Amino acid sequence: MKGTRKALIIVGIVSIFAWTMWAAPAAAESAARIDTVSKSNFGKTVKQLETAIKGRGMMVVATVDHQNMLRMVGANVKGSKTLEFGKPDMMKMVIPSTPEAGLEMPMKIYVYEQADGKTLVSYVKPSAGFAAYGKADLNMVGQMMDNMLGEIVAEATR
Numbered sequence: 000m001k002g003t004r005k006a007l008i009i010v011g012i013v014s015i016f017a018w019t020m021w022a023a024p025a026a027a028e029s030a031a032r033i034d035t036v037s038k039s040n041f042g043k044t045v046k047q048l049e050t051a052i053k054g055r056g057m058m059v060v061a062t063v064d065h066q067n068m069l070r071m072v073g074a075n076v077k078g079s080k081t082l083e084f085g086k087p088d089m090m091k092m093v094i095p096s097t098p099e100a101g102l103e104m105p106m107k108i109y110v111y112e113q114a115d116g117k118t119l120v121s122y123v124k125p126s127a128g129f130a131a132y133g134k135a136d137l138n139m140v141g142q143m144m145d146n147m148l149g150e151i152v153a154e155a156t157r
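So that you can map any letter, position 15 of the sequence shown is 14 in numbering that gives the first Met the number 0, and since no number is skipped, the others follow by simple counting.
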């Protein structure tokens with residue numbers, strides 16, 4: 000019985016992951032997705048992103064290793080990670096006045112290795128997510144975050 004339950008949980012997790020992989024590109028395209036090809040390999044690009052993030056006084060609060068998660072269910076993919084990051088000062092500009100906008104935080108960057116070996120760095124502009132709330136102060140914060148993400152990605156993909 001325990002083995003069956005574990006198998007059902009794994010199937011559920013894989014199903015959710017597969018659905019998000021299918022649904023996310025369409026949603027992201029309409030929400031100002033930015034894709035940048037890195038001049039470095041996957042591992043070096045991830046390290047350069049972490050350095051660029053920390054160099055701006057932010058912290059990486061989570062790293063989702065998609066490649067490792069998929070290995071758990073017998074799937075082999077090339078490098079694939081999501082970095083979630085930010086700093087409390089940025090959250091302070093958003094969440095106290097618009098708690099529902101906490102869904103847009105922390106910022107996220109997805110890094111993955113394509114079949115041809117190129118490493119791609121992708122993100123959705125924060126301003127696109129904040130625009131849904133219709134508040135001028137969030138639009139300003141979103142623009143600031145857009146600029147910051149652009150700088151981080153440009154630095155890390157050289």
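We put the beta carbon where it would ideally sit given N, CA and C, even for glycine. These numbers were taken from a predicted model, which means no experiment stands behind them.
Where residue i sits in the DSSP three-state scheme
i, result
"Ala45", "The question names Ala, but residue 45 is Val in the sequence shown. DSSP places Val45 in helix when its eight states are reduced to three."
"Arg32", "strand"
"Val152", "helix"
"Ile52", "helix"
"Val76", "coil"
"Met143", "helix"
"Gly133", "coil"
"Met71", "coil"
"Pro125", "helix"
"Arg157", "coil"
"Met89", "helix"
"Pro98", "helix"
CB contact flag (residue i, residue j, <9 Å)
i, j, result
"Tyr122", "Phe41", "no"
"Met144", "Arg55", "no"
"Thr156", "Lys53", "no"
"Lys77", "Ala130", "no"
"Val152", "Met89", "no"
"Thr62", "Thr81", "yes"
"Leu69", "Thr97", "no"
"Gly133", "Ile33", "no"
Where residue i falls, given that 16 or more other Cβ within 10 Å makes a residue buried
i, result
"Gly128", "buried"
"Leu102", "exposed"
"Gln47", "buried"
"Val200", "The chain is shown only over 0 to 157; residue 200 falls outside these bounds and no answer can be derived."
"Ala135", "exposed"
"Val72", "exposed"
"Lys117", "exposed"
"Lys124", "buried"
"Thr44", "buried"
"Val60", "exposed"
"Met106", "buried"
Beta-bridge partners of residue i, as assigned by DSSP
i, result
"Leu82", "Thr62, Ile108"
"Leu119", "Val36, Tyr111"
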